[in-house]
Structures are given as C-alpha cells and as structure tokens.
Amino acid sequence: MPGCGKTTLGKKLSKITGYNFIDTDLLIEKRIGLPIKKIFNEKGEKYFRILERDLLCEIKNYKNHIISTGGGFPIYNDNMEVLNNLGLTVFLKVPIEELMKRNLTERPLLVEDMEEKLKELYKIRSPIYNKAKLTVDNYNISLDEVVKSIIDKMK
C-alpha cells in the first residue's frame, strides 16, 4: 500500500545484503522526466501501468536486486505472478489507521477522500498482496526487526 515503508525498507535491505536497490516509481520518474503525480494527471493511469509492465520485462533479467514497487505495480497485468517467480516477494502490512498518519499527499490515487480511497485500495489490492511469499506487519515493530524477518526468509 502507499506509505507502508517499501522504499525505506528496500534501501536498508540493500545496504545489508549488498544487493542493488531499485524503486520502480523513482526509476519511471527519472526515465520519463516527470513526477508520478504528473504522469497520472497528464498521461493517465493506463499509460503509467504500461510503463510499469515494460519495466518489469526489463527487471526479469536482473539478479541480486531489492525492488520496491509502487503500490499498484503487483495488481495489474499479472505482475504479482511474475514477481513471485523472480524471487522473494514481501507484503508490508500496515493498518489503514496508521497509513493515514503517514505523508501520502503526493500519491496520485489519494488526492481526495484519502481514508475512503485507502480503504477501497486495500479491499481491491489485499487479495493480490496476500499472494506475496512473505507477509510482514510493518506497524509497531522496528525497522531492524522487519529487516531481520525478511533476511531470515531470504536464506
């Protein structure tokens, strides 16, 4: 979900494992030259999902990478199935109430009625997220504990 800590955790895991870190949203922004919010506003969500799918086709060839995907990345085009075939996938589970406390103002799908949108996204996305190989509660637990649980599973 947006704001669950994917990027923060991914960077920490990258440092510990020595694997390269990729944030798919940041990579898309860099390649297109626009922030995600502007891509959504100017070109639409469908265009953005195509960019994600193209990036996934590229990522399939990478080895030893920690990949932080945008919250919608696993939802479309059977991306979750592809990600599961690439390696360990992790669902960082955070309650809606906690997500509301985090800075989500730049998220294009959460511009209005943030709480309702988060609930709707969670309802739609959680069946896909639950297909991840590992689910970790990323709430009321230290970053180090989350990292340890993921590294233990990687072994």
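Count along the sequence shown from 1, then add 1451; that gives the number in my numbering.
Beta carbons: idealized from backbone N, C-alpha and C, even for Gly.
None of the values given here were measured: they were computed from a predicted structure.
Query	Result
Length at least 4, wholly inside the stretch 1465–1540: the alpha helix (DSSP H) runs in chain order	1475–1483, 1487–1494, 1496–1510 and 1530–1537
Stretch pair the stretch 1521–1533 + the stretch 1462–1472: three plus CB contacts closer than 8 Å	no
Beta-bridge partners of residue 1569, as assigned by DSSP	According to DSSP, which records beta bridges pairwise, residue 1569 is partnered with nothing at all.
Own chain partners of residue 1456 with C-beta closer than 6 Å, once the 5 adjacent residues on each side are dropped	1543 and 1589
Straight-line gap, residue 1509 to residue 1475 (C-alpha atoms, nearest Å)	11 Å
Coil, strand or helix - residue 1588 by DSSP	strand
Bridge partners - residue 1460, DSSP secondary structure assignment	BP columns for residue 1460 are empty, so no partner.
C-beta contact flag for residue 1493 and residue 1487 at 9 Å	no
Neighbour-count burial assignment, residue 1521, 16 or more Cβ in a 10 Å radius	buried
Range covered by the alpha helix (DSSP H) that runs through residue 1407	The structure shown does not extend to residue 1407, since the chain spans only 1452 to 1606, so no value can be given for it.
Per DSSP, the bridge partner or partners of residue 1543	1587
Rounded C-alpha distance that separates residue 1565 from residue 1603	35 Å
Exposure of residue 1591, with buried meaning 16 or more beta-carbon neighbours within 10 Å	exposed
Within 9 Å, strictly: CB atoms of residue 1478 and residue 1460	no
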